[in-house]
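Residue numbers (full-length UniProt numbering): 1 to 84. Every residue gets a Cβ at the ideal spot worked out from N, C-alpha and C, and that includes glycine. Note that this is a predicted model, so its numbers are computed, not measured.
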Amino acid sequence: MNKVDYDRALYYTHRSEWDNLLILMVRTQDQFLSKKIEHFLHAYNFEKDYTVVERNLYSLLRYIDHANELSAEHILEHTEAHSI
């Protein structure tokens, strides 16, 4: 779990930097993130129905939010375990 990947995914999505998002999709070790990015980029480039694009975008953003929360909890647990 690499928090930097989630931050980058959010930043690239917000800035519409699709090339960088594609590079992140290939390089990340998180297969779920990679698949969410793939589905969004495919819908964005090829789907005529905007609701499908929107659904894939929200799915990607929800996953990024979820992964960031898990990452923060993991860091907090790791910090607490070492402080004892």
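Between Ser71 and Tyr6, the C-beta spacing is below 8 Å. Membership of Ser16 in any alpha helix (DSSP H) is not indicated, and neither H nor E is assigned to it by DSSP.
With respect to Leu24, Phe40 sits apart: the two C-beta atoms are not nearer than 8 Å. Of Ile64, Glu73 and Glu47, the smallest CA-CA separation from Thr28 is found for Ile64.
DSSP places Lys35 in the uninterrupted alpha helix (DSSP H) bounded by Gln31 to Phe46. In this structure, Lys36 sits near Ser59, with a CB-CB distance shorter than 8 Å.
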